[in-house]
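Everything on this sheet refers to the single structure shown next.
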Amino acid sequence: MEVSKKSQINIDRNKLHYDEQYKNVNVDSILSILNNLDEHLEAAITSDISWVGMYSNGFKDRIKGKTILELGCGDCINVAIMAALGAKVIANDISNQSGEIIKALNENYNFEHKITFINGDFTQSNLEKASLDFVIGKAFLHHLTIPHERKIIEGIVKVLRTDGEARFFEPAINSKILDELRWAMPMNNRPSKWFQPKAFKQWKDNDPHPIRNNSSKHFIEVGKAFFNTVEIIPLGVFERFNRLLPLKGKRSGAFKREALNFEKIFHNSIRRFGARSQVIIYRNPKTIIDV
Ligand SMILES: C[S@@+](CC[C@H](N)C(=O)[O-])C[C@H]1O[C@@H](n2cnc3c(N)ncnc32)[C@H](O)[C@@H]1O
358 MEVSKKSQIN IDRNKLHYDE QYKNVNVDSI LSILNNLDEH LEAAITSDIS WVGMYSNGFK
418 DRIKGKTILE LGCGDCINVA IMAALGAKVI ANDISNQSGE IIKALNENYN FEHKITFING
478 DFTQSNLEKA SLDFVIGKAF LHHLTIPHER KIIEGIVKVL RTDGEARFFE PAINSKILDE
538 LRWAMPMNNR PSKWFQPKAF KQWKDNDPHP IRNNSSKHFI EVGKAFFNTV EIIPLGVFER
598 FNRLLPLKGK RSGAFKREAL NFEKIFHNSI RRFGARSQVI IYRNPKTIID V
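All residue numbers for the sequence shown refer to our numbering, where the first residue is 358 and numbers rise by one.
Following this line, the structure appears as structure tokens:
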């Protein structure tokens, strides 16, 4: 399946960025996570928003023996964890570095099923139809142009079993005001859009995120074109303030855990408005499309 020139430029920019970033991934630290899996996972899935999201709805206990494709596997921590939990994992990324990490993991850890790697864009891959129980992505879809995302989701419908599930953890941009406030604050190496406009422009020129719609409404619309069941779980309405507080280590973890729990008592509309992230779950694929 061909992608447009604009989408290809975006893929190339992401590849350049992440090939560089993942050069420094420390495989020993992933192995040490695997050797303390229960303790690590318990902390991550209760206080780290991307892990809370990805492992929501009892995901951890549903994957043993299941075939899972992770798109945009990146530093490979999640594929390693899923494989250590007994899943048959197919990892995919455009970064060659992810392939190198997986090779090292397979050589150094006794997985029940070795992790396989598909290098390159998923639209070019040739997986067997209706063969996968899960297709997942953590911070993946928002790196795609919208037309490319549609092609990826078409491809997912083709390879997912009819009782399978696609799930993604992504940012949620549901309020223009909250989004502008976010851009106003400098964060890590990102300058403030309002107060450091020149530096911000320079940063944005090298940023691997395309400008696109990341609202829950968008993910509902695209999901409904291909699936009969679409679920959005908004996350982080209060957790997002952690970045403004002078908390570190265990205190920061405790705040995030409490904040993520506390938000559950609020109505979905409030949580969706204020969310900084969301889990997108697609089930019951409408058709197996020949692409
Ligand atoms: C923000 S990172 C997330 C990595 C990892 N999932 C995580 O949670 O840390 C986005 C990842 O998507 C990958 N990516 C971007 N475009 C892609 C594409 N078209 N196909 C496969 N992977 C892609 C990047 O190389 C990068 O590894």
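Every residue, glycine too, gets a C-beta built ideally from N, C-alpha and C.
Asked: Does TRP408 pass the burial test, meaning 16 or more other C-beta atoms within 10 Å, or should it be called exposed?; Found: buried
Asked: Which of the three DSSP states, helix, strand or coil, is assigned to ASN636?; Found: The question names Asn, but residue 636 is Val in the sequence shown. Strand, per DSSP.
Asked: Tell me which residues share the same chain as ARG547 and place their Cβ nearer than 7 Å to its Cβ, disregarding the 5 neighbours each side in the sequence.; Found: TRP560
Asked: Is it buried or exposed for VAL360, if we count other Cβ within 10 angstroms and need 16 for buried?; Found: buried
Asked: For the candidate residues ASP564, PHE598, ASP562 and LEU538, whose alpha-carbon lies nearest to that of PHE552?; Found: LEU538
Asked: Let me know the alpha helix (DSSP H) ranges lying completely inside the stretch 493-520, each 4 residues or longer, listed in chain order.; Found: 503-516
Asked: Could you have a look at MET411 and say whether DSSP puts it in helix, strand or coil?; Found: helix
Asked: By the DSSP assignment, the alpha helix (DSSP H) with ASP395 in it spans what residues?; Found: 394-404
Asked: Quick one: complete beta strand (DSSP E) runs, 3+ long, within the stretch 533-607?; Found: 584-592
Asked: Verify the contact flag: ASP478, CB atom, against every heavy atom of ligand 1, threshold strictly below 7 Å.; Found: yes
Asked: Since THR480 sits in a beta bridge, which residues does DSSP pair it with?; Found: Per DSSP, none; premise fails for THR480.
Asked: Closer than 6 Å by C-beta to ALA556: which residues in its own chain qualify, once you throw out the five before and the five after it? Chain order, please.; Found: PRO548
Asked: Checking 8 Å against the spacing of the C-beta atoms, do GLU527 and LEU489 come in under that value?; Found: no
Asked: Could you tell me which whole beta strand (DSSP E) segments of length 3 or greater appear in the stretch 422-457?; Found: 424-428 and 445-450
Asked: Among the residues of its own chain, which have a CB less than 8 Å from the CB of ALA441, if the five just before and after it don't count?; Found: LEU391, LEU394, TYR466 and PHE468
Asked: According to the neighbour-count rule (16 or more other Cβ atoms, all chains shown, within 10 Å of its Cβ), is SER389 buried or exposed?; Found: exposed
Asked: Return yes when at least one heavy atom of ligand 1 lies under 7 Å from the C-beta of LEU428, else no.; Found: yes
Asked: Is any heavy atom of ligand 1 found at a distance shorter than 7 Å from the C-beta of ALA496?; Found: yes
Asked: Considering only the beta carbon of each residue, do ILE459 and VAL382 sit closer than 8 Å?; Found: no
Asked: Is the beta carbon of ILE637 closer than 8 Å to that of PHE598?; Found: no
Asked: Is any heavy atom of ligand 1 found at a distance shorter than 7 Å from the C-beta of LEU501?; Found: yes
Asked: Buried or exposed, going by whether 16 or more other CB atoms sit within 10 Å of the CB of GLY606?; Found: exposed
Asked: What does the Cβ neighbour count give for MET439, buried or exposed, with the cut at 16 atoms within 10 Å?; Found: buried
Asked: Under 8 Å, Cβ to Cβ, is there at least one residue of chain C near LEU442?; Found: The chain inventory of the structure shown lacks chain C, comprising one protein chain alone.
Asked: Taking the alpha-carbon positions, what's the ALA461 to PHE584 distance?; Found: 37 Å
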